[in-house]
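Residue numbers (the working numbering): 85 to 610.
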């Protein structure tokens with residue numbers, strides 16, 4: 085009786101406490117298990133279970149040849165709400181984990197055989213829980229537990245589930261990829277300046293813009309050397325202000341980069357923010373760089389257009405006003421003067437110039453608003469070109485029409501006439517010394533092609549890609565020519581509206597050849 089009490093006492097205090105799993109371990113009928121009643125368990129098993137049950141770190145034990153299982157409350161959540169718990173307690177390992185046994189059994193055998201512990205970090209081991217097979221990540225170690233003879237008798241698992249950590253990491257990684265994709269799609273450069281070292285890092289696009297290479301940090305001074313001289317002081321001042329104590333940290337400036345590798349001048353807008361610690365010291369300064377070269381050039385063209393438009397509109401209005409003042413005096417003093425007809429003609433010419441400029445402005449508005457509608461009729465293209473030549477008053481220039489003598493087409497006659505007038509006026513304007521202009525009309529049965537060839541000053545090859553842009557004006561070889569820079573843009577839009585093509589070839593000093601092609605039958609555009 086005393087012996088039984090001693091045995092009862094000798095093992096029961098090892099199973100005390102341990103929360104839910106301690107209670108379940110004590111209540112389980114171990115007589116039906118291969119391990120038998122706890123009173124027959126070895127000292128090493130009881131000691132290990134006692135340590136495990138009273139630990140707040142997730143622990144799991146396999147014991148004996150059948151790898152009978154024990155685990156504590158901290159490990160309990162890893163088994164899910166439905167599935168393996170509580171049947172996993174006292175169960176054979178192979179019966180409990182059929183879905184992952186091929187993965188974990190070799191680890192168990194390795195520990196039992198040579199006694200070396202294992203370590204796995206954030207390893208994916210799917211398990212069945214919550215009524216489904218889940219992808220679960222684990223960080224864990226397998227360690228041997230020896231019995232009284234000093235031989236391995238069990239494997240103790242200490243570890244934790246890291247699924248939430250991996251999911252968070254993957255979410256951050258995906259968000260980073262999305263951000264990088266957005267930055268790539270938006271053609272942005274990114275940069276981060278280290279306030280302590282005065283060096284910065286940038287993405288590949290930024291380094292390409294600055295003509296830099298390598299993945300190492302870049303000296304700020306080295307990058308500043310790539311900036312246009314006139315912008316350097318402003319940039320340095322803006323950086324210093326953003327990083328100064330008491331600053332709001334905002335940084336925004338536009339400057340020009342001069343890439344030494346290709347001499348290309350790129351206008352960029354830098355936007356960033358400096359972050360400060362509690363003492364007001366800057367610890368991070370980062371932002372983005374956006375290429376605004378085209379936007380800046382367009383703004384310059386707009387500014388130039390406003391200046392040119394003001395001048396172009398003022399000139400005929402001033403002349404028209406002067407002519408009308410003279411006419412008013414002549415009517416009062418000399419009604420029969422032959423000068424009246426001359427000033428009336430001058431006033432009429434200036435009025436026509438003014439109307440033409442206003443028509444260009446109205447046409448641009450229609451094009452931008454999608455209101456340029458075609459009125460398609462059938463007409464003789466060659467005859468229309470003859471009429472256009474007569475209406476533009478070529479002066480001393482000789483307009484030579486060659487090619488087809490007649491070509492009936494379906495198109496908008498008014499619009500094609502406007503294209504011809506624009507191209508012919510350009511040819512006359514840009515060939516002040518050469519008086520010969522060749523107009524050639526050909527067709528291939530499906531398309532009509534018109535070429536306007538002059539032998540004037542020609543166009544700089546660098547300016548050819550921009551000729552049909554809105555507000556773009558060509559000034560070459562020191563010549564200054566009138567116009568709003570809208571004629572070629574309007575002509576291009578008209579030809580495009582006809583499903584045709586317009587292009588130009590030119591040699592500086594030898595003239596230009598403007599050529600447009602449109603379908604002969606444009607009835608589908610009506």
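Where a beta carbon is used, it is the ideal one built from N, C-alpha and C, also for glycine.
Residue range of the alpha helix (DSSP H) that includes residue i
i           : result
residue 509 : 497-513
residue 294 : 288-294
residue 324 : 313-327
residue 108 : 103-111
Where residue i falls: helix, strand or coil (DSSP)
i           : result
residue 603 : strand
residue 223 : strand
residue 275 : strand
residue 587 : strand
residue 532 : strand
residue 247 : helix
residue 596 : strand
residue 366 : strand
residue 184 : coil
residue 568 : For residue 568, the pLDDT reaches just 49, beneath the cut-off of 50, and the residue's location in the model is therefore unreliable, although a value from the coordinates is still provided. Residue 568 falls in the coil class under three-state DSSP.
residue 349 : strand
residue 470 : helix
residue 342 : strand
residue 176 : strand
residue 548 : helix
residue 543 : coil
residue 408 : helix
residue 168 : coil
residue 580 : helix
residue 382 : helix
residue 194 : helix
residue 516 : coil
residue 254 : helix
residue 308 : helix
residue 163 : helix
residue 115 : helix
residue 189 : helix
residue 562 : With a pLDDT of 45 at residue 562, under the threshold of 50, the modelled position of this residue cannot be trusted, and the question is left open.
residue 99  : helix
residue 476 : coil
residue 233 : coil
residue 403 : helix
residue 413 : helix
residue 297 : coil
6 Å Cβ shell around residue i - same chain, five flanking residues per side excluded
i           : result
residue 98  : 130 and 134
residue 534 : 525 and 600
residue 562 : Bear in mind that a pLDDT of 45 at residue 562, under 50, signals an unreliable position, so the number given afterwards is only what the model happens to contain. If we look at residue 562 and ignore the five residues flanking it on each side, it has no Cβ neighbours.
residue 312 : 340 and 342
residue 175 : 153
residue 508 : 476
residue 585 : 601
residue 360 : 366
Own chain residues within Cβ distance below 8 Å of residue i, not counting five before or after
i           : result
residue 588 : 543, 548, 551, 596, 597, 598 and 599
residue 326 : 333, 334, 335, 356, 357, 358 and 369
residue 512 : 476, 478, 479, 481, 521 and 538
residue 591 : 542
Cross-strand partners of residue i (DSSP beta bridge)
i           : result
residue 239 : 146 and 228
residue 355 : 336 and 372
residue 522 : 484 and 537
residue 492 : 464
residue 527 : 532
residue 213 : 216
residue 303 : 283
residue 360 : 366
Contacting residues, own chain, Cβ-Cβ under 7 Å from residue i (five flanking each side not counted)
i           : result
residue 377 : 350 and 351
residue 487 : 524, 525 and 526
residue 128 : 229, 230, 231, 232 and 237
residue 490 : 464 and 466
residue 531 : 601, 602, 603 and 604
Cβ of residue i within 8 Å of any chain C Cβ
i           : result
residue 350 : Judged by its chain identifiers, the structure shown contains no chain C, having just a single protein chain.
Element boundaries [beta strand (DSSP E), containing residue i]
i           : result
residue 204 : 202-208
residue 127 : Note, residue 127: premise wrong, no beta strand (DSSP E); alpha helix (DSSP H) at 127-137.
residue 217 : 216-218
residue 153 : 152-155
Heavy atom of the ligand MG within 7 Å of residue i beta-carbon
i           : result
residue 596 : Here there are no bound small molecules, and the ligand MG is not part of this structure.
Integer Cβ distance of residue i from residue j, believed to fall under 8 Å
i           : j           : result
residue 283 : residue 304 : 7 Å
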